[in-house]
Structure formats: structure tokens, C-alpha cells
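Protein chains in written order, with our numbering: chain A, 7 to 435; chain B, 3 to 297; chain C, 21 to 297.
C-beta: ideal position from N, C-alpha, C; glycine also.
It should be emphasised that the depicted structure is a prediction, and the values quoted were computed from it without experimental measurement.
Okay, structure first, notes after.
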Amino acid sequence: MTHGGSLYELGLRCWLVFLLCVLSPCCEGGEPGRVVFSVGGAPNELDAWEELVKDFEKESGVSVELLRQPSDSAQQRQGLIVSLNGKLRNPDVFLMDVAWVGLFAHSEWLEPLRNIDPSPYFERVIEDVDTFRGELIALPVYMDGGLLYFRRDLLDAYEVGDFPSTWEELVSVSSKVQAKKREVEPGFYGFVWQGAQYEGLVCNFLEFAGSQGGFLFRDAQVILDTAENRRALHLMHDLIWKHGISPPNTYTEMREEQARTYFQEGQALFERNWPYAWKLHQADGSRVKGRVDIAPLPAPATGKSMSTLGGWHIGVSRFSDAKENSLKFVKYVASYEGQKKMILRLGWNPGRRDLYEDQDLLREMPFLKKLAVIFLNARSRPVIPYYTQVSDVSQRWINAVLADRVEPHKALQNAEEEIAALLERYTTK
Amino acid sequence: MPVKQNRSEGDRADAFGFMFPILFFMSALIMVPVLGTLADSLYRDVTYLPRKFIGLENYLALANDPAFWKSLRFTFLFVAVSVPIEVCLGLCMAMVVNEAFPFRGFVRATLLIPWAVPMAVSGRVFELIFNYSYGAANFLLHVFDLSREPVNWLGSEIGAFAALVVTDAWKTTPFAAIILLAGLSSIPGELYEQAKIDRASLVQRFFRLTLPMLKPVLIVAFLFRTIQALQIFDYIYVLTGGGPGGSTTSLSLFAYNHFASGDFGYGSAASVILFLIAMSLSTFYLAGGAVRRTL
Amino acid sequence: MTKEERIKKLVVGAGAVFTLLFCLSPFFYMILTALSRHTDFLRPETHYVVTFSHIHTVLTSQSIHFPAHLRNSVVVSLASAGVAVFTASLAAYAVTRLAFPLKTFFMLFVLALSMFPEISLVGYLFTIMSGLGWINTLQTLVFPYVAWTLPLCLWILVSYFSQIPEDLDRAGLMDGCSRFGVLRKIIFPVAAPGVFSTGLLAFIVAFNEFLFALMLTTDHSARTVPVGIALFQGLHGETPWGEIMAAATVTTIPVVLVALIFQRRIMRGLTRGAVKA
Numbered sequence: 007m008t009h010g011g012s013l014y015e016l017g018l019r020c021w022l023v024f025l026l027c028v029l030s031p032c033c034e035g036g037e038p039g040r041v042v043f044s045v046g047g048a049p050n051e052l053d054a055w056e057e058l059v060k061d062f063e064k065e066s067g068v069s070v071e072l073l074r075q076p077s078d079s080a081q082q083r084q085g086l087i088v089s090l091n092g093k094l095r096n097p098d099v100f101l102m103d104v105a106w107v108g109l110f111a112h113s114e115w116l117e118p119l120r121n122i123d124p125s126p127y128f129e130r131v132i133e134d135v136d137t138f139r140g141e142l143i144a145l146p147v148y149m150d151g152g153l154l155y156f157r158r159d160l161l162d163a164y165e166v167g168d169f170p171s172t173w174e175e176l177v178s179v180s181s182k183v184q185a186k187k188r189e190v191e192p193g194f195y196g197f198v199w200q201g202a203q204y205e206g207l208v209c210n211f212l213e214f215a216g217s218q219g220g221f222l223f224r225d226a227q228v229i230l231d232t233a234e235n236r237r238a239l240h241l242m243h244d245l246i247w248k249h250g251i252s253p254p255n256t257y258t259e260m261r262e263e264q265a266r267t268y269f270q271e272g273q274a275l276f277e278r279n280w281p282y283a284w285k286l287h288q289a290d291g292s293r294v295k296g297r298v299d300i301a302p303l304p305a306p307a308t309g310k311s312m313s314t315l316g317g318w319h320i321g322v323s324r325f326s327d328a329k330e331n332s333l334k335f336v337k338y339v340a341s342y343e344g345q346k347k348m349i350l351r352l353g354w355n356p357g358r359r360d361l362y363e364d365q366d367l368l369r370e371m372p373f374l375k376k377l378a379v380i381f382l383n384a385r386s387r388p389v390i391p392y393y394t395q396v397s398d399v400s401q402r403w404i405n406a407v408l409a410d411r412v413e414p415h416k417a418l419q420n421a422e423e424e425i426a427a428l429l430e431r432y433t434t435k
Numbered sequence: 003m004p005v006k007q008n009r010s011e012g013d014r015a016d017a018f019g020f021m022f023p024i025l026f027f028m029s030a031l032i033m034v035p036v037l038g039t040l041a042d043s044l045y046r047d048v049t050y051l052p053r054k055f056i057g058l059e060n061y062l063a064l065a066n067d068p069a070f071w072k073s074l075r076f077t078f079l080f081v082a083v084s085v086p087i088e089v090c091l092g093l094c095m096a097m098v099v100n101e102a103f104p105f106r107g108f109v110r111a112t113l114l115i116p117w118a119v120p121m122a123v124s125g126r127v128f129e130l131i132f133n134y135s136y137g138a139a140n141f142l143l144h145v146f147d148l149s150r151e152p153v154n155w156l157g158s159e160i161g162a163f164a165a166l167v168v169t170d171a172w173k174t175t176p177f178a179a180i181i182l183l184a185g186l187s188s189i190p191g192e193l194y195e196q197a198k199i200d201r202a203s204l205v206q207r208f209f210r211l212t213l214p215m216l217k218p219v220l221i222v223a224f225l226f227r228t229i230q231a232l233q234i235f236d237y238i239y240v241l242t243g244g245g246p247g248g249s250t251t252s253l254s255l256f257a258y259n260h261f262a263s264g265d266f267g268y269g270s271a272a273s274v275i276l277f278l279i280a281m282s283l284s285t286f287y288l289a290g291g292a293v294r295r296t297l
Numbered sequence: 021m022t023k024e025e026r027i028k029k030l031v032v033g034a035g036a037v038f039t040l041l042f043c044l045s046p047f048f049y050m051i052l053t054a055l056s057r058h059t060d061f062l063r064p065e066t067h068y069v070v071t072f073s074h075i076h077t078v079l080t081s082q083s084i085h086f087p088a089h090l091r092n093s094v095v096v097s098l099a100s101a102g103v104a105v106f107t108a109s110l111a112a113y114a115v116t117r118l119a120f121p122l123k124t125f126f127m128l129f130v131l132a133l134s135m136f137p138e139i140s141l142v143g144y145l146f147t148i149m150s151g152l153g154w155i156n157t158l159q160t161l162v163f164p165y166v167a168w169t170l171p172l173c174l175w176i177l178v179s180y181f182s183q184i185p186e187d188l189d190r191a192g193l194m195d196g197c198s199r200f201g202v203l204r205k206i207i208f209p210v211a212a213p214g215v216f217s218t219g220l221l222a223f224i225v226a227f228n229e230f231l232f233a234l235m236l237t238t239d240h241s242a243r244t245v246p247v248g249i250a251l252f253q254g255l256h257g258e259t260p261w262g263e264i265m266a267a268a269t270v271t272t273i274p275v276v277l278v279a280l281i282f283q284r285r286i287m288r289g290l291t292r293g294a295v296k297a
């Protein structure tokens, strides 16, 4: 036929061959026994993980591939859920934010960690978060808990004593110092914390409410409208609107970084934040270098001081094709040496209690002693699979109180109602 | 006669063979997923519980979900703001390119560039442009002295909205221009000559001649743009992630976030709502077309 | 020149400049950033230093996997464009030349299906693909992409094929060719430019697709470039805009070049597609 015709026959044949190549399941993820480790974070964090992985490979001979994920934790979560929901063989090992462990465990995505002794780790955490149906399904590799940063130099200068042990004390000390400091620095505030409408707000709220407050689970119901919670919300609201010791943008913009930079610029007396800020506050170029100290958060009128648990846990996928090697890797990361390397390279506070007494570490980071105390009192948020939805509801209502739109009693009641509807949908079989 | 009958019987047999592949693809990969999504929306489908039929409860829950209404409001607002801007601006561009001037071919060719660039990629370029510290947007504002301080585009609700409209406009205005250009070039030149002889002014020529003749193309452009804009997902995921505070979460992103959290029932219900909105728009158009044709 | 004409010339000139700036400036900004050592080169204090290190990093780094993403994108887009064009050609041939019932219904069916939002498909698609064990493979993208680009291909090809006189068909049929033979040996060569443009359009649409790729793939063994660039975090320090823009440049320059080279064909195809609808 025509030249064009035979060219098209050729083209057609090429397509068919090409298609067969594409559609045949070739290039399917890698060698057996290879551990794929999915971890997200800032690029320098991932570099530190690369080093740790290389150390493990050298020691054990097991090959590990590091799969870099975005630093945005929502994107990390989505990526993991898609993989696990699709029952993929990779990743074998991954890191989970402490708030996700409930969902992952209940969805039966986590392989029980056999032959690992959980006693060196923070007991409370293992009990509340890492145990599911009696089995150990994750390990804490990074401990995080809310704490109080304060300007020791200012407390001394104005002779107001040591750090406050109750919220009432904090309010009175802040008011006093702020009034005086405002003469020199008009933008000075007594207390910066996270009040924007996001997960961090719930963490702050739980700390204001203390050990007797927060989410109460009673007869398959979630009780929020308690005296402690009402008191906490009133306090949070008054900090902004009545005492004026927290900036007006607390409930619109204040998240971790905003609070940290505000305090680091020397514009605040107290700061509620996570331990990560310590290094930054003490770095060269920080206006508060050498003038900051840390303490456990103040306690409410009833109940003890509480620190909301944060951090990351490591787990093995139930669909992994390299479970033995994955367990070896997990053991390594969570071991004494592994965790020590992590804190030295990454600044990640270990999940193992014994490391907080290590002499080398204490020499370099003496504040570890204080951290250990704070972490012992760290309590996790509810470890339920539908926690995100509960948090979304709570965030909205708490933020509405801070925005002076609803009063605490009403907000808590409404939140309770919405959560009850959630429970209807997400707990009945 | 007999040949013709054979022809049509042979035709039907052939047609079956020719049509089968496309019917297979469209049914298996579009029809089935949509029906599946519709079905799924009637179930409580989460990763940690057995699948349970709950009828319209997902929809009731959506109706009580402030986040859902927020995303619906944002989506409608976005469509209402961006589509008219894009079609009008596209019309202007089309009219410009329709005229003869040196390098006209080159200018027309550049209209294709925004369309050829993947949305996710242009999303990141605009993410940089609207960056607070070193983005071009704040630089331009500074150079032209339009603002005292750098604007926190992606950190504020209005700024993020504006940034998204600009990003979307960049991609779709030229595309609208291309479509409208085709419509413009199909208007016979003699009509314009006649209008000039009749002493019609520029403005009169536009409103009395161009617009009416462009109406069918304009309607198609508006409709298609609207349906596409309702589904917007790509840039939002890249530029704002739905923030700040969920203020730029479109309905698509809302549904996706639930899918990616393992809640397929709820996400499906939200995507069905979007589907119904898009479908009613297209039925409206098709019905309108049918009505127009019968008139 | 009357005053009106002078104003018109001015307006058209300004409009042309505006159009050029509008379409080209973000594109050039992307390229400039990719080649600049410092991201904040717009600041007066920062000098513009040209560097190819970003492009080098992006193309060679083992942890970013950009070449893998590129390979996946090209393979998936080629495969789906090919299958889509072939399938659409068959259907377009049938629609324009064969008599069969429910033809208008079919066209409306395709039109309606093309307006379905992607998000309304992707949930159940995930379930299907997960059941087949195809999540994070290349075929999990090829199949949906074919279905997704079919309506566009169909309209364009219908408009091209309907312009080819049926006498050509008749000649072939008299020679004893089957209908398929006629399509292959007569119609394709004649409609070659149209078929090619359709394939090009289908390729570009598949290449740029985002939502399906985001949801149905999880890592570099099947991820495509748009997802890779969206989630690009880089290797050092803060957001590495230089490297992101380098990846963006490497991705878009070929596509833009192709679009510019074949612009007439593409525009014709796009407008046929839209007008037909």
C-alpha cells in the first residue's frame, strides 16, 4: 500500500510492544529482605537519618533504603495512610506522630514488635500509646512535651521569685512584670502560647486544664463540660481579654514558630512551647541567649501540672515483606546507642528514660534532667482512631472562646454534642 | 436495496467491534468508579471498623459540618471571582491577538505556554512568587511603591485567596483566549466592513456585532471554565494546602483530605455533592441547548 | 488615521505587550530562579550569579528521584496517549461512517462522563486499584488516564474524520478491505496530522495530571513529575527553591518547546474539541 500505510503499521506494532512492556509487572520494588524506611522532616533531619541508616547497614549487613517524605506532617500522614490502606509492601518501617498511632493501631496496620523489651522507655507512653490489645506495636523515638520557658533575668530583676507553680501565680507575676517592662518596650507581653485554630491549640488547652481536665471518657461518652475545663477556658480567654498579658493575635496567628520568635526577640516573659525551641533560644544571634530557663508548666487550681505528649514513634508495617530485618532496624534505632546518636545529631529527645542519666549527654545538655521530669508527667491526647475529628471539633470551639465569640460553658457543651454525634458514627460496629 | 440492508447489518457488527474499546474504558474507569463512589457514600467506610450501611447519614453529617460549608463557600466564591475575570481577560487577549500586528504569531504562540505547564509545577512557581521574603510579588509591590510592607500572601486568608485566583488565571486565561480566538476568527470580516460603512463606532461594533456572534462560544467557555473551577485541587494543594486555617480548602480538597485519612464514606459523600453540582450545571447547559435548538 | 484607529492601535499594542508579559513572566522567573545561586536575587543587594548546580543536583541526586519521576511520567503519558488515540480513532471512525443505533446517546454519554469531577472517581478507583494490587504501579495510572483523555480525543478525531470524504472508504471497501483495514490503511495516513495532534494533546493532558497520581501512587517507582515537584523538599536547609525551579524547568521546557513547535496543530485541536462540545 502507500508508504504512509506501512509506517502506521509499524507504529501500531511499536505501541503494542511498548504497552506490553509497560503493563507487565516489571520493576516491582526491589530485593527481598530490603527494608524501606519512610521518614519525613526537614532536609537536615533527613541527612541525620541517612547517617544512622548507614551505621546500621555497616553493623548488621541489612540493606535499608531511606524514602524521603515531605516535611509537612499532614502530607506525611496522607502518604502513609494511602500506602497502608493499599496494603503495599513498602514502606516496611516508618515514623508516626504520636497522634496517629491510635488510628494506625486500630486499622491493624502495625506489626507487633516481638522480642523488644519496653522497660527502658517512658512507662506512661508505652502504656497509653504503644500498647494495643496487649501487644507492643510502636516505640517512642522522640519525646516531646509542652513546657514553660521563662526569662530568668527578668524574674530576678523585678524580684518576683522563681518560676510560677500555678496559673494564678503566672498571671500575677506576668501582670506585674509586664506593667513595668511596658515602659521600655511597648510591645512586651507576659505570656505567649499557641492559640490559633489548629492541633497545637488542643495541646495548650489540655495543659491549662491540668491532670484532672481534658477529655473524660465515661461509659462510651466523651465528657468535656467539666469544672476544670471551664476554668481552663476562662483562664485562656482572660489572658487575652481581661489581663491583657497575651497578645491579641494569640487566637488568630500564634503557633509554635510565632510564639518562639516573639519570645526570642525578648518581647515576652513566659512562653509555652515544645523543647525544640531551647536550642534556638540559646543559639548565637538570639536576643535571649543565656537568659532563659525551663520549667514544668504551672498547675491548675485542682489537679497537677500536665504536659501534652508529642513526638514521634517508630512502627513496622503489617504488610512488610521484610519483617525480620525491619524488627532489627527498629531495635537499632530504639537502642541506647541509636537513640544517643539521634539526640547528638538531631536533638531528638530520646524515648528511653535511661539516656537522661547518661553522663556524656548531661555534660553537653544539662537541661535534660529537667526534661526528664517534665516528660514523666507527659500525658497523651486520646489514643482513639477518630482523634483527628474530635480534635477538629474541639479546636473550633476552643478558638471561638478565645475569639470572645462564645462563652466557655456553651462552647464545651456544643463540642460535647458534636463529639457525641461523631462517636455515633465512628464507634458503633 | 439489499446491499444497503447488508451494509447496515455489517455496519452494526463492525460498529460493535469499533465501539467496544471506548465503551469499555469509559464504563470501567469512569462509570464504575462514579457509581462506586455513590454507593460508598451510603456507607460508613473507615479503616478501623467494618463497613456498615448507614444510608444518608454521611450527608446529614456533612450538613452539620462547618468545615464542609466553609469549603463549599470558598469553592463558590472562587468560581464566582475567577471565572468572569478569566473569560473577560481571555476575551481581551483574544481580541488583541485577532488583530494584525507584527509578531502576532509569536504572541499567539505564547498563549499556549501556561496551558502546557503542569498545574502542580505552576503552583510551585507561584508559591515562590508569592513568597513573603523573596517572592516576585512583594518585590514588584515594593518597586512600584504600592505597599509599605511586604504582604504575607499565603499566610492571610485574603492574600491566599488572591494568590490562588492569580495562579488560576495565569493558567486558564490564555486557554480561554485560544477558544475565544477561534470563535472570533469565525466571524466574517465583511460584517465588520459593513459596520464601519454604517459608521458604527468601535464600542458599538463590539457590543452589537462581536458579542452576539460570540455568544455560543462564550457560553461554552463560561460553562467549561465553571465546571473546571469547581473542581480546583492542584494549586491549592501546592500553594496553601487548604490553609490558612482551612480557609482556602476547596470541596475537592475537603473530600481528598478525608480519603487520605482513610474515611472513604465521608469523602465519597462530599465528592458526590460536587458531582451533583457539576452535573446540574451541565444539564442546565445541555437542556438550554436543546431548548435553543427547538426554538 | 482617524483618532479611533489610533486609539485602537495603541490599545492593541498595549494588549499585545500585556499578553506577552502575562504568559511569559512566571515562566522566565522560573528559569531565572533555577539558574540563580541565590533565591532572593530580586533584592538589590544580591547579585545574580548563574549556576547550573541546581539542575545538576536535580538530575543526579539519588534521594530526590527526579529522573525516576520523569521516566514514569513519560512512559505513562506515552502509553495512555497511544491507547487513547487508538481507541478514540476506532470510535470516531464508527461514529462518522457506520450506522448504528443510539449514536447521539453515545455522544451525550461521553460528553456527560467528561464532566465528572476527578475527585468523584478517585475514591472508588483507589478501591479498585487496591483490590487489583496495582497501587503504585504504572498501569494504575495508564488505565484511568486513557479513560480521562478519551472524550477530548474522540471529539477532535470525530471532527477530523468527518472531513474525510467517504469516497476514500468506498474505494478501499471495493478492493475487499475490511472496515478496520480501511481505517488503518486509508484513513490514518490521510488524517495523520490530526491523529498526531490528538496524540500530542492526550500526552500533554496525561503528563500534567495530578490528583490520580497523588492518590494512586506512593513513591518513585510509579510517581509522576507533577506529584514529585509538588512534594519536592530538597536536600539542604530551607525550601530549596533553586532546585524546585530547576526540576520545574527541566520538566516544562520540553513540553513548552513541543507546544510551540506544534502550536498550530494543538490550537486547532483544542478549538475543535471545545467547539464540538
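key: Exposure of Val69 (chain C), with buried meaning 16 or more beta-carbon neighbours within 10 Å   = exposed
query = Excluding sequence positions up to five away, which residues of its chain have a Cβ less than 6 Å from the Cβ of Met28 (chain B)?
reply = none
inquiry  = Assess contact between the stretch 167-180 of chain A and the stretch 342-353 of chain A, defined as three or more Cβ pairs (one per stretch) separated by less than 8 Å. Is contact present?
reply    = no
query = What first and last residue would you give for the alpha helix (DSSP H) that runs through Phe106 (chain C)?
reply = Phe86 to Arg117
request  = Check each candidate in A:Glu263, A:Asp290, A:Ala105 and A:Phe110 and name the one with the smallest Cα separation from Val131 (chain A).
outcome  = A:Ala105
ask   = Which stretch, first to last residue, makes up the alpha helix (DSSP H) that contains Ile246 (chain A)?
value = Boundaries of the alpha helix (DSSP H) around Ile246 (chain A): Ala233 to Trp247.
task = Tell me whether Glu343 (chain A) sits in a helix, a strand or coil according to DSSP, three-state version.
result = helix
query = Interface residues of chain B around Val104 (chain A) at Cβ under 7 Å?
reply = By Cβ distance, chain B contributes nothing, its closest Cβ being about 17 Å from Val104 (chain A), past 7 Å.
message = If you measure between the beta carbons of Phe86 (chain C) and Gly248 (chain C), is that distance less than 9 Å?
response = Result yes, Cβ atoms of Phe86 (chain C) and Gly248 (chain C) sit closer than 9 Å.
ask   = For Met127 (chain C), which of B:Leu25, B:Gly107, B:Ala41 and B:Pro104 has the nearest alpha-carbon?
value = Minimum Cα-Cα distance from Met127 (chain C) among the listed residues B:Leu25, B:Gly107, B:Ala41 and B:Pro104 corresponds to B:Leu25.
message = Can you find the residues in the same chain that come closer than 6 Å, C-beta to C-beta, to Ser400 (chain A), ignoring five residues on each side of it along the sequence?
response = Only Val208 and Ala421 meet the Cβ criterion.
task = Kindly list the residues whose CB is nearer than 7 Å to the CB of Leu374 (chain A), restricted to its own chain and excluding five residues on each side of it in sequence; keep chain order.
result = Cβ neighbours of Leu374 (chain A) beyond the five flanking positions: Tyr362, Leu367 and Leu368.
key: C-beta atoms of Leu236 (chain C) and Pro164 (chain C) nearer than 9 Å   = yes
request  = Find the nearest neighbour of Ala307 (chain A) within the set A:Glu175, A:Arg158, A:Gln84 and A:Phe138, judged by alpha-carbon distance.
outcome  = When each option's Cα is compared against that of Ala307 (chain A), the closest is A:Glu175.
Residue environment, Glu25 (chain C), which counts as buried when at least 16 other CB atoms sit within 10 Å = exposed
Cys32 (chain A) classed as buried or exposed, judged by whether at least 16 other C-beta atoms fall within 10 angstroms = Its pLDDT being 45, under 50, Cys32 (chain A) is placed unreliably by the model, and nothing is read from it.
key: Proximal residues to Arg288 (chain C) (C-beta, below 6 Å), its chain only, five neighbours per side dropped   = Within the same chain, Arg288 (chain C) has no close Cβ partners at all.
task = Check whether the Cβ atoms of Phe43 (chain A) and Leu73 (chain A) sit closer than 9 Å, and answer yes or no.
result = yes
Inter-residue spacing [alpha-carbon to alpha-carbon] between Ser43 (chain B) and Ser100 (chain C) = 30 Å
query = Mind checking if Pro120 (chain B) is an interface residue toward chain A, Cβ cutoff 9 Å exclusive?
reply = Residue contact check for Pro120 (chain B) against chain A: no CB pair falls below 9 Å.
message = Judging by CA-CA distance, which residue of C:Leu280, C:Ile273, C:Arg285 and C:Glu229 is the nearest neighbour of Val96 (chain C)?
response = Of the candidates C:Leu280, C:Ile273, C:Arg285 and C:Glu229, the residue whose Cα lies closest to the Cα of Val96 (chain C) is C:Glu229.
ask   = Given a limit of 8 Å on CB to CB distance, which residues of the stretch 54-76 of chain B reach chain A?
value = Lys54, Ile56, Glu59, Ala63, Asn66, Pro68 and Ala69
inquiry  = What residue range does the alpha helix (DSSP H) around Ala257 (chain B) cover?
reply    = Leu253 to Phe261
request  = Pick helix, strand or coil for Gln75 (chain A), following the three-state DSSP scheme.
outcome  = Three-state DSSP puts Gln75 (chain A) in a strand.
request  = Please report how far the alpha carbon of Val89 (chain B) lies from the alpha carbon of Arg227 (chain B), in whole angstroms.
outcome  = Near 8 Å, if we compare the C-alpha coordinates of Arg227 (chain B) and Val89 (chain B).
message = Is Val322 (chain A) close to chain C? Criterion is C-beta to C-beta, closer than 9 Å.
response = no
inquiry  = Taking the straight line between their C-alpha atoms, what separation do you get for Leu286 (chain A) and Ser292 (chain A)?
reply    = 7 Å
message = Among the candidates C:Ala132, C:Arg284 and C:Val210, whose CA atom is the shortest distance from the CA of Ala289 (chain B)?
response = C:Ala132
task = In the DSSP assignment, find the unbroken alpha helix (DSSP H) run with Ser323 (chain A) in it and report its ends.
result = No alpha helix (DSSP H) contains Ser323 (chain A), which DSSP labels as neither H nor E.
key: Element boundaries [alpha helix (DSSP H), containing Met95 (chain B)]   = Pro68 to Asn100
key: Interface residues of chain B facing Gln203 (chain A) [CB-CB closer than 9 Å]   = Near Gln203 (chain A) (Cβ distances below 9 Å), the residues of chain B are Gly247 and Gly248.
8 Å contact criterion, which Gly47 (chain A) and Met149 (chain A) should meet: CB distance rounded = In fact, because the Cβ distance is near 16 Å, the residues do not count as touching under 8 Å.
ask   = Between the stretch 62-82 of chain A and chain C, which residues of the former have a C-beta closer than 9 Å to a C-beta of the latter?
value = Leu72, Leu73, Arg74, Gln75, Pro76, Ser77, Asp78 and Gln81
query = Of all the residues that make up the stretch 138-157 of chain B, which are near chain C by a beta-carbon distance shorter than 7 Å?
reply = For the stretch 138-157 of chain B, which is checked against every Cβ of chain C, the residues closer than 7 Å are Ala138 and Phe141.
task = Check each candidate in C:Ser109, C:Lys29 and C:Ala242 and name the one with the smallest Cα separation from Ala102 (chain B).
result = C:Lys29
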